[in-house]
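Asker: So that we are looking at the same thing, I have put the structure below in structure tokens.
Residue numbers (this note's numbering): 70 to 178.
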């Protein structure tokens with residue numbers, strides 16, 4: 070009984086270590102999103118204008134850049150979502166100038 074309890078505890082301990090490593094580093098993903106702000110902005114704007122082909126290509130480029138920086142899939146997805154959320158919040162702050170801001174940001178794409 071004692072041996073089973075110890076073995077069970079070790080298994081739970083090992084499982085907790087592996088799940089802790091499976092997460093993502095939020096601050097690293099946010100820093101990456103700041104550095105990739107132009108690409109992520111274009112990714113978001115392609116989504117608004119229903120240019121899914123260009124959006125898919127750009128998502129692949131951003132993800133490949135994230136993997137090249139040593140990030141995992143969760144960090145790459147979080148970085149894209151974080152950057153997209155930032156641009157969406159910027160556009161939502163001033164709804165009267167939304168179209169003007171979109172055309173201004175689209176110039177770089």
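Just so you know, even glycine gets a beta-carbon here, dropped at the ideal spot from N, CA and C.
Since the model is a prediction, treat every value here as computed from it, not as a measurement.
Under the assumption that residue 174 contacts residue 130 (Cβ atoms under 8 Å), give the Cβ distance between them as a whole number of angstroms.
Answerer: Residue mapping note: residue 174 aligns to position 105 of the chain shown, counting from 1. Residue mapping note: residue 130 aligns to position 61 of the chain shown, counting from 1. Contact flag wrong, Cβ pair sits at about 18 Å.
Asker: Would the stretch 103 to 110 count as touching the stretch 140 to 147 if we require 3 or more Cβ pairs under 8 Å?
Answerer: Counting Cβ pairs under 8 Å, fewer than three are found: no touch.
Asker: Is the beta carbon of residue 112 sitting closer than 8 Å to the one on residue 153?
Answerer: Residue numbering aside, residue 112 sits at position 43 when the chain shown is read from its first letter. Residue numbering aside, residue 153 sits at position 84 when the chain shown is read from its first letter. Taking 8 Å as the Cβ cut-off, residue 112 and residue 153 qualify as a contacting pair.
Asker: Leaving aside the five residues before and after residue 119 along the sequence, list all residues of the same chain whose C-beta is less than 8 Å from its C-beta, in chain order.
Answerer: For the purposes of this step, residue 119 is identified with residue 50 of the chain shown, where counting begins at 1. If we look at residue 119 and ignore the five residues flanking it on each side, it has no Cβ neighbours.
Asker: Hey, would you say residue 109 sits closer than 8 Å to residue 149, going by beta carbons?
Answerer: As a first step, residue 109 must be located in the chain shown, where it is residue number 40. As a first step, residue 149 must be located in the chain shown, where it is residue number 80. Yes, these two residues count as a Cβ contact at 8 Å.
Asker: Just reading off the alpha helix (DSSP H) that residue 116 is part of, what are its end residues?
Answerer: The count along the chain shown starts at 1 and reaches residue 116 at position 47. First-last of the alpha helix (DSSP H) with residue 116: 106 to 117.
Asker: Taking 8 Å as the limit between beta carbons, can you name the residues of its chain near residue 124, skipping five residues before and five after?
Answerer: Residue numbering aside, residue 124 sits at position 55 when the chain shown is read from its first letter. 112, 115 and 116, listed in sequence order.
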